[in-house]
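What follows is one structure encoded as structure tokens, with my remarks underneath.
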Amino acid sequence: MDRAARTSQELPVHVRAPRIVGRPVLNGFAHVGRFGMLMVELVRVLPEWRIWVPRTLEQCQSVGYGSLFIVLLVSAFAGAVTALQAGYQFTGSVPLYMVGAVITESIILELGPVLTALILAGRIGARYAAELGTMRVTEQIDALESLGRNPVSHLLLPRILAGVVMVPVLVVLANGVGVLAGWGAAQGSLGITNADFAYGARYFFRSFDLLYSVVKAEVFGVVVTVVPCYVGFTASEGAEGVGRATTTAVVWSSVLILLLDTVLAKVLLPS
């Protein structure tokens, strides 16, 4: 009896095991398939430039001009904080001109691209996922398809191209503002001269650093637009699904940004 009772208790676990393991696997393959089909569709609608070009210009204004203030504000504070912390750590141990090197390299190589991308993942990514998710659950996308319009060329491609074009521009501006803010903070708190700061900024600087920063910005621009567009475009289950899609888009975009930041540093930077 005891053995039979144990068998009856263990049976549901074995019965549910394939479902517990198989459902996430099947969902993962389904997402891979849908994402691949979406990428193919993005390439297929490129000849429809009369549709997506004007919409891309509108989205560029929204991504670039609309995000300019918060991006420059965060980069300025990042540069100032970097200068203050560098001064605190280096005072009395290394020459002050090293502060210029630390600020310049940290802003251009890391803080400028990554902080800008994370900000845009929250601002642009959440907006795209919410907009497209709302259109999906309210059947606006279905109505667009019923009229013979391709929602990819009308809704997705302009948003993705806007991110690819404008995120590198924002990163370049963020790098410049961050270095200038760090320069000003270093002068005010450490008394470093302009000559010393400029010497330190050139000490470790390489022209490849600017290219590396732009490449990272380009990759991050793809992430903060493609992921939210896909998640919002495939949303379901009403208002709850839109909220879940928005959260998922921001979380996955942020995770991919940090993951790709590590991968790019390993692949592109000489060891």
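Positions 44 to 314 (our numbering) are the ones given, in order, by the sequence shown. The beta carbon of each residue, even a glycine, is placed where N, CA and C say it ideally should be.
Span separating the alpha-carbon of A288 from that of A229: For the purposes of this step, residue 288 is taken as residue 245 along the sequence shown, with counting starting at 1. For the purposes of this step, residue 229 is taken as residue 186 along the sequence shown, with counting starting at 1. One C-alpha to the other measures close to 43 Å.
Minimum Cβ-Cβ distance from V106 to chain D less than 7 Å: In summary, chain D is missing from the structure at hand, where a single protein chain is found.
Which listed residue (E283, T291, C272, E182) has its alpha carbon closest to that of R77: Numbered from its first residue, the sequence shown carries residue 77 at position 34. Cα-wise, what sits closest to R77 is C272.
P313 in three-state terms, based on DSSP: Walking along the sequence shown from the start, residue 313 turns up at place 270. Residue state, collapsed to three classes: coil.
First and last residue of the uninterrupted alpha helix (DSSP H) at T99: Your numbering for residue 99 matches position 56 in the sequence shown. Per DSSP, T99 belongs to the alpha helix (DSSP H) from 92 to 133.
Where the alpha helix (DSSP H) containing T147 begins and where it ends: Mapped onto the sequence shown, residue 147 falls at position 104. T147 -> alpha helix (DSSP H) spans 140 to 149.
Classification of D185 by the beta-carbon crowding that lies within 10 angstroms, buried from 16 upward: Counted from its first residue, the sequence shown places residue 185 at position 142. Exposed, by the Cβ-count rule.
Through-space distance from N70 to V222, alpha-carbon basis: If you number the sequence shown from 1, residue 222 lands on position 179. If you number the sequence shown from 1, residue 70 lands on position 27. If I take the Cα positions, the gap works out to 45 Å.
CA-to-CA distance, V267 to G176, given in whole angstroms: For the purposes of this step, residue 176 is identified with residue 133 of the sequence shown, where counting begins at 1. For the purposes of this step, residue 267 is identified with residue 224 of the sequence shown, where counting begins at 1. Cα-Cα distance, rounded: 16 Å.
Buried or exposed by the 16-neighbour rule on C-beta atoms within 10 Å, applied to M44: Numbered from 1 along the sequence shown, position 1 holds the residue referred to as residue 44. Caution is warranted here: a pLDDT of 44 is assigned to M44, below 50, making its placement in the model unreliable, and the coordinate value is therefore given only provisionally. Looking at its Cβ environment, which holds fewer than 16 other Cβ atoms inside 10 Å, M44 is exposed.
Burial state of F240, where buried means 16 or more other Cβ atoms lie within 10 Å: By one-based count along the sequence shown, residue 240 stands at place 197. Buried.
Rounded Cβ spacing between R179 and A278 (contact assumed at less than 8 Å): To locate residue 179, count along the sequence shown from 1; it is residue 136. To locate residue 278, count along the sequence shown from 1; it is residue 235. R179 to A278, Cβ: 5 Å. Contact.
Secondary structure of S296, DSSP reduced to three states: One-based indexing of the sequence shown puts residue 296 at position 253. If DSSP states are grouped into helix, strand and coil, S296 belongs with the helices.
Distance between V137 and L299 (C-alpha atoms, nearest Å): Along the sequence shown, one-based indexing puts residue 299 at 256. Along the sequence shown, one-based indexing puts residue 137 at 94. Answer to the nearest angstrom: the Cα atoms are 36 Å apart.
Counted within 10 angstroms of its Cβ, other Cβ atoms place G225 as buried (16 or more) or exposed: Stepping through the sequence shown from its first residue, residue 225 is reached at position 182. Buried, since its Cβ has 16 or more Cβ neighbours within 10 Å.
Outcome for Y140 when other beta-carbon atoms lying within 10 angstroms are tallied against a minimum of 16: As a first step, residue 140 is located in the sequence shown; it is residue number 97 there, counting from the start. The residue is buried, with at least 16 neighbouring Cβ atoms inside 10 Å.
Spatial neighbours of V227 in its chain, beta-carbon cut-off 6 Å, leaving aside the 5 residues before and after: Locating residue 227 in the sequence shown gives position 184, where the first residue counts as 1. Per the sequence shown, residue 227 should be read as Gly rather than Val. Hits under 6 Å: none found.
Meets three-Cβ-pair contact criterion under 8 Å: the segment 189 to 206 and the segment 95 to 109: The segment 189 to 206, when compared against the segment 95 to 109, does touch it at the 8 Å Cβ threshold.
Per-residue burial, P313 [other beta carbons within 10 Å of its own, 16 or more giving buried]: The residue you call residue 313 lines up with position 270 of the sequence shown. Exposed, since its Cβ has fewer than 16 Cβ neighbours within 10 Å.
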